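Just below is one structure, and these are the notes that go with it.
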Amino acid sequence: MNGMNEVFQLIHKEFKSDNMIDSWLFISSPWPICIILTVYLTFVLKLGPTFMKTREPINIKYIMLFYNLMQVVFNSYILVYQFITPELPSYLWNYSCYPDSTGTKNYITQELHKASWYFSVSKIMDLFDTVFFILRKKDSHVSFLHVYHHINMVVTCFFHLRFIKSKHFHLYQRFPNFFLSDPLEIIK
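In full-length UniProt numbering, the protein residues as written are 1 to 188.
And the structure:
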């Protein structure tokens, strides 16, 4: 029993609490994320294909163009947001491998968390990619890995912001995504 108590204390110590971040939309409770993902899975796996079975593909070209443009603008905003924040680029350069132990960079940490929240919202918006595939009857594009990737990104972002709040997450998950996702949105 003592060993279990030590494990729980270790886990509790790792999960950081921040009242400001924990009150943000989609972060304060797991229920909004659970509901969004349940609706997503229900539509993608059952309702959407059933609805489209006897119908012609829906022409949503202009909706998709607008959606892709908004995705590019939003992801570019997140990237630019991080570079116009004073001291952020030098902070990321100097403390990307070793966290700042002085505690003097709370402002920067909050800005990184804001950017992570924006990124999380963009991952929720990315769920519409699959919806568009279904409505255009491109069912071959909706693979297990595609659906798993979208669900995993939303869940990972939620858990990071709600429980872990690591500064390292910002570098290793978001930055590569900007350089891969933005060109792909333009190509679509």
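Note that the Cβ used here is the ideal one computed from N, Cα and C, for glycine as well. Predicted model, so just to flag it, every value in this text is computed and none were measured.
If you reduce the DSSP assignment to three classes, tell me which class Ile60 lands in. Translated into positions along the sequence shown, residue 60 becomes position 60. The DSSP-derived three-state label of Ile60 is coil.
Less than 8 angstroms between the beta carbons of Ile33 and Phe158, yes or no? Locating residue 33 in the sequence shown gives position 33, counting from the first residue. Locating residue 158 in the sequence shown gives position 158, counting from the first residue. Contact: yes.
Please report the distance separating the alpha-carbon of residue 191 from that of Ser90. The structure shown has nothing for residue 191, since the chain only spans 1 to 188.
Are the CB atoms of His132 and Ile27 nearer to each other than 8 angstroms? Against the sequence shown, residue 132 aligns to sequence position 132. Against the sequence shown, residue 27 aligns to sequence position 27. At residue 132 the sequence reads Phe, which differs from the His that was named. By the CB criterion at 8 angstroms, Phe132 and Ile27 fall outside the cutoff.
Using 8 angstroms as the threshold, is the C-beta distance between Ile78 and Ser122 below it? The residue you call residue 78 lines up with position 78 of the sequence shown. The residue you call residue 122 lines up with position 122 of the sequence shown. Their beta carbons are under 8 angstroms apart, which means Ile78 touches Ser122 by this criterion.
> To the nearest angstrom, how far is it from the Cα of His160 to the Cα of Gln71?
Replying inline: The residue labelled residue 160 in the question sits at position 160 within the sequence shown. The residue labelled residue 71 in the question sits at position 71 within the sequence shown. Taking the straight line from one Cα to the other gives about 22 angstroms.
Drop a sphere of 10 angstroms on the beta-carbon of Leu112, count the other beta-carbons inside from all chains shown, and report buried for 16 or more, exposed for fewer. On the sequence shown, residue 112 is found 112 positions in, with the first residue counted as 1. Per the 10 Å Cβ criterion, buried.
I need the boundaries of the alpha helix (DSSP H) containing His149, first residue and last residue.
Along the sequence shown, one-based indexing puts residue 149 at 149. For His149, the enclosing alpha helix (DSSP H) starts and ends at 144-159.
Looking at Leu88 and Ile58, is the spacing between their C-beta atoms short of 8 angstroms?
Counted from its first residue, the sequence shown places residue 58 at position 58. Counted from its first residue, the sequence shown places residue 88 at position 88. Taking 8 angstroms as the Cβ cut-off, Ile58 and Leu88 do not qualify as a contacting pair.
- Task: Compare the Cα-Cα distances from Thr54 to each of His149, Arg136, Thr156 and report the closest residue.
- Result: On the sequence shown, residue 54 is found 54 positions in, with the first residue counted as 1. It is Arg136 whose Cα lies nearest to the Cα of Thr54.
Give me the residue from Val155, Ala115, Val147 with the minimum Cα distance to Asp129. Residue mapping note: residue 129 aligns to position 129 of the sequence shown, counting from 1. Taking Asp129 as reference, the option from Val155, Ala115, Val147 with the minimal CA-CA separation is Val147.
Determine the burial state of Asn75: buried for a count of at least 16 other Cβ atoms within 10 Å of its Cβ, exposed for fewer. Translated into positions along the sequence shown, residue 75 becomes position 75. The residue in question, Asn75, is buried, as its Cβ has 16 or more Cβ neighbours within 10 Å.
Just to confirm, is the Cβ distance from Val142 to Val44 under 8 angstroms?
Taking the first residue of the sequence shown as 1, we reach residue 142 at position 142. Taking the first residue of the sequence shown as 1, we reach residue 44 at position 44. One thing to note: Val142 has its Cβ within 8 angstroms of the Cβ of Val44.
Quick one: Cα of Leu41 to Cα of His150, how far?
By 1-based counting over the sequence shown, the position of residue 41 is 41. By 1-based counting over the sequence shown, the position of residue 150 is 150. Cα to Cα, Leu41 sits roughly 10 angstroms from His150.
**Message:** For Phe51 and Lys138, what's the separation of their Cα atoms in angstroms?
**Reply:** Within the sequence shown, residue 51 is the residue found at index 51, counting from 1. Within the sequence shown, residue 138 is the residue found at index 138, counting from 1. Cα to Cα, the separation comes out at about 14 angstroms.
Euclidean distance between Cα positions of Glu6 and Phe163 = Sequence index remark: in the sequence shown, residue 6 carries index 6 (1-based). Sequence index remark: in the sequence shown, residue 163 carries index 163 (1-based). Each residue's Cα considered, the two are about 19 angstroms apart.
**Item:** Three-state class that DSSP yields for Trp117 in the structure shown
**Value:** Counted from its first residue, the sequence shown places residue 117 at position 117. Residue state, collapsed to three classes: helix.
- Kindly list the residues whose CB is nearer than 7 angstroms to the CB of Tyr172, restricted to its own chain and excluding five residues on each side of it in sequence; keep chain order. For this step, residue 172 is matched to residue 172 along the sequence shown. A caution first: Tyr172 carries a pLDDT of 46, below 50, which makes its placement in the model unreliable, though a value can still be read off. Its chain contains no residue whose beta carbon lies nearer than 7 angstroms to that of Tyr172 once the 5 sequence neighbours on both sides are disregarded.
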